[in-house]
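The sequence shown begins at 402 in my numbering and counts up one residue at a time.
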Amino acid sequence: WSVDRFRDSDELIELTLDRALTPNETLALVIGTLDVTSLIDVSSTRVRYRPLGNALPAGDSEITVYVVRDKKWTEVAKVPVKVRNRFGLDEGRVLPTIDLSSAGELKRGGTDTTTVDPKPAIQDLTLRLGAESNMTRSAWTLRTQANALGVSRETDRLRFGSMESAAPPVDLTDYTVELTRGESRFQVGNLSASGHRQLLRDFGSRGIGGTLRLGSLGSLDATVMNGSNPVGWTNPFGLEQSAHRLSSARLNLELKPSRPGAIHLDITGLDGSILPIANFNQGSITDAEKSSGWGSQLEMSDANQRIKLAGGIAQSKFTNPTDVLLSGDSTLVAVRPVTRTARFGEMTVQVFKERRLRDSLSASLSAAVRHERVDPLYRSLGASMQADAESNAAELNGTVGALTMQARLTRARDNLAGIASILTSKTAQTSINLAMPLSAVVGPKGAWYLPMMSFGRDGTHQYGEGVPTNGEFNEEDVPDQASVSTTGSLDWTRESTTFSYRWNGSLQDNRQPGRESADIKGAVHGLSLGLAPISSLNISLEASRERQRFIETEATQELDRVGAIIRWQLGAITEFSTNISRATSLDGGAGVKTNNTELQLEASRGFTLYRMIDGRPQGRIFVRFARVLASQHPQFAGPILSRDLRWTLNAGGSVRFY
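Put into structure tokens, the structure is as follows:
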């Protein structure tokens, strides 16, 4: 038999000998560690064993054949065998998880107890339930996963926003059932769909979908999903409301099957409508919308992947039907359906790769150009993007030895239809980034005293093109602002010690008529030190200084901060941690200095009820103390303006039952 094929546990085992046994020989058969010699049937050169009372052990085993002569066993064959389990599966695994955690406030206090809610000490309970399974038989595989969340506090329940007090305390967060055969699959539950980037991009919700493999030519994907992301036990397939669905299909074609990726064509279709229903965790003003469209994108590359081309076009028809919940009693002009187009194109070229400059120095360089245009009023329910905009970009990426560099230039504009009464905005962006370990250039490799150095500079110029006519614009209303941000860093590492210096300088240059002096200059300096004197102790120290100067008013704002985090692991199950920080800010314009000090202490200990899980304690309990002190003072001298002290003592824990 094929040693790669799984067999049923009661399937007949049949072996063929290369010769018949002599009268003084017998045959012995051992499967795994089970001796089944007394149950075999030997007839001439054929050996049969049907495992009826003693089923074959599930999984991978070995059948060992011995010839017994004068009580001496001689191994003559060893054959692997794969056996299905008692449920008839090649492989089967079910992994449940049950976690229970609690957190609550034991006591609180402060300088002004009237502002502190004197609620009694309570514990909020959170229950997390989950299950995963993977079952395989022959070429079929069934995978499932599901998660549920239970909370004791009513306002924290998953569907409290829509159901309020009727929201169930234990609710389904997500689930997926997937059946696959080869590269074809069928899915139910929470899934994600993608297609043309301007028509359908990473849209996730509850629904049904699948992929049908079309041999070496490609595949066909199809999905039908809810228009928003639902949770809960109701509406299990997400398809109860026909007016709140997105349906999509995507045909993926390899036009040169002998070299996948050489010429790849995607054709995507989308049809959907949504009701004014927000996601369960999103608060927003929604509107009823419909869209339908198609998109096609082509990707090509040469055999060495040095040149890659991609481009596509999408067309979408968008309808915004009247929604009485938004219009109320007002009479509104109906929005006419519009059909608009979006397109993109990009090319990447590996100019050269690992080109040898000298014996120990090589260089690489790649270049890319990108173009994207989205027509005015373009809208697709499956992809979120800015309409009425066009952008073009060029990018260089290179390395010279240990030096890496990246440069990017982008130009963008809107008001593509050139409507005279609308402001046309243009954006120009440039950026350059460099990184290099100094030890690779000026010193011995790996020398800890030579840092990793990085530098970056980003510039953005956003401005309006001309003064719109009949738009009630004046020249001073047209924005014109240039911003420059420069960053640098030095990083040292030596064994268990790390040290970093960060710097950022920024300039916001206002060029708008009448606002030329409304500029802002800023600078930030930061230091961080990490220490691990012993394996169980980690110390992190940091300090920063930030300054901003407003040129027009000559006012300044300052912020100084120092902080420390200490984690101490005592044994395998006990841990102490401390987090302390102090921030001092100065508002020069208001003449006020503010001090803010925060302290947090936490002790936790693990415990095991009946077994370790994943090599860790099954549960953990903690006690946490937090204290915040804020005070305001005059910038120079005078009595304290305000002082506020708050502290809390919390305790809780978590346990994983499985």
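For each residue, glycine too, the CB sits at the ideal point set by N, CA and C.
Worksheet item: Which residues bound the alpha helix (DSSP H) around Phe561?
Response: Phe561 to Met564
Worksheet item: Within 10 angstroms of its Cβ, does Gly605 collect 16 or more other Cβ (buried), or is it exposed?
Response: exposed
Practice prompt. Reducing DSSP to helix, strand and coil, say where Gly505 ends up.
Written response: strand
Fill in: Residue closest to Thr831, alpha-carbon to alpha-carbon, out of Asp859, Ile823 and Ile820
Asp859
Worksheet item: In angstroms, rounded to a whole number, what distance separates the CA positions of Thr515 and Thr556?
Response: Summary for Thr515: the model assigns pLDDT 46, below 50, so the residue's position carries little reliability, and this model does not support an answer.
Item to complete: Out of Tyr864, Thr995 and Ala803, point me to the one whose CA is closest to Ser855's CA.
Response: Ala803
Item to complete: State the Cα-Cα distance for the pair Arg487 and Asn535, rounded to the nearest angstrom.
Response: 15 Å
Practice prompt. Put Ala663 into one of helix, strand or coil per three-state DSSP.
Written response: coil
Worksheet entry | Nearest neighbour of Pro738, chosen from Ala933, Arg774 and Gly694 [CA to CA] | Gly694
Worksheet item: What separation, rounded to the nearest whole angstrom, lies between the Cα atoms of Thr612 and Asp815?
Response: 38 Å
Fill in: Endpoints, beta strand (DSSP E) assigned at Glu850
Residue identity check: residue 850 is Tyr in the sequence provided, not Glu. From DSSP, Tyr850 is part of no beta strand (DSSP E); its letter is neither H nor E.
Worksheet item: Start and end of the beta strand (DSSP E) containing Trp541?
Response: Trp541 to Val552
Worksheet item: To which residues of the same chain is Thr475 closer than 7 Å at the C-beta, ignoring the five residues directly before and after it?
Response: Tyr467 and Val468
Worksheet item: With contact counted as at least three CB pairs below 8 Å, one residue from each stretch, are the segment 492-505 and the segment 427-443 in contact?
Response: no
Item to complete: Use the C-beta contact count for Gly1053: other C-beta atoms within 10 angstroms, 16 or more gives buried, fewer gives exposed.
Response: buried
Item to complete: Put Gly819 into one of helix, strand or coil per three-state DSSP.
Response: coil
Worksheet entry | Contiguous alpha helix (DSSP H) assignments of at least 4 residues, all confined to the segment 899-944 | none
Discussion item. So, at 7 Å on beta carbons, what are the nonlocal neighbours of Gly493 in its own chain, with the 5 sequence-adjacent residues on each side left out?
Written reply: Asn486 and Met536
Fill in: Three-state class that DSSP yields for Thr438 in the structure shown
helix
Worksheet item: Given Val770, which residues of its chain have a CB within under 6 Å of its CB, disregarding the five upstream and five downstream residues?
Response: Met748 and Ala795
Practice prompt. Give a yes or no on contact between the segment 877-884 and the segment 907-919, applying the rule of three or more CB pairs nearer than 8 Å.
Written response: yes
Worksheet item: If we ignore side chains and look at the alpha-carbon of each, how far apart do Asp703 and Leu656 end up?
Response: 13 Å
Worksheet item: Can you find at least 3 beta carbon pairs, one from the segment 1008-1020 and one from the segment 981-994, that sit closer than 8 Å?
Response: no
Worksheet item: How is Glu876 classed by DSSP in three states: helix, strand or coil?
Response: helix
Item to complete: Return the chain-ordered list of same chain residues with a C-beta closer than 6 Å to the C-beta of Leu375, the five sequence neighbours on each side being excluded.
Response: Since the first residue shown for the chain is 402 and the last is 1059, residue 375 is missing from the structure and cannot be characterised.
Worksheet item: Taking Cβ positions, are Ser697 and His772 nearer each other than 8 Å?
Response: no
Fill in: Those residues which DSSP pairs with Met748 across a bridge
Leu710 and Val770
Worksheet entry | Integer-rounded CB distance, given that Val578 should sit under 8 Å from Gly590 | 6 Å
Practice prompt. Out of Thr861, Ser937 and Gly867, point me to the one whose CA is closest to Ser897's CA.
Written response: Ser937
Worksheet item: By a C-beta neighbour count over all protein chains shown, 10 Å radius and 16 as the cutoff for buried, is Val625 buried or exposed?
Response: buried
Discussion item. I need the straight-line Cα distance from Arg741 to Ala1004, nearest angstrom please.
Written reply: 60 Å
Fill in: Residue closest to Pro569, alpha-carbon to alpha-carbon, out of Asp575, Arg582 and Arg554
Arg554
Worksheet item: Taking the alpha-carbon positions, what's the Ala743 to Asn871 distance?
Response: 29 Å
Worksheet item: If we call anything under 8 Å between Cβ atoms a contact, is Ala965 one with Leu932?
Response: no
Worksheet item: Candidates Phe745, Ser826, Arg759 and Ser763: which alpha carbon is nearest Phe753's?
Response: Ser763
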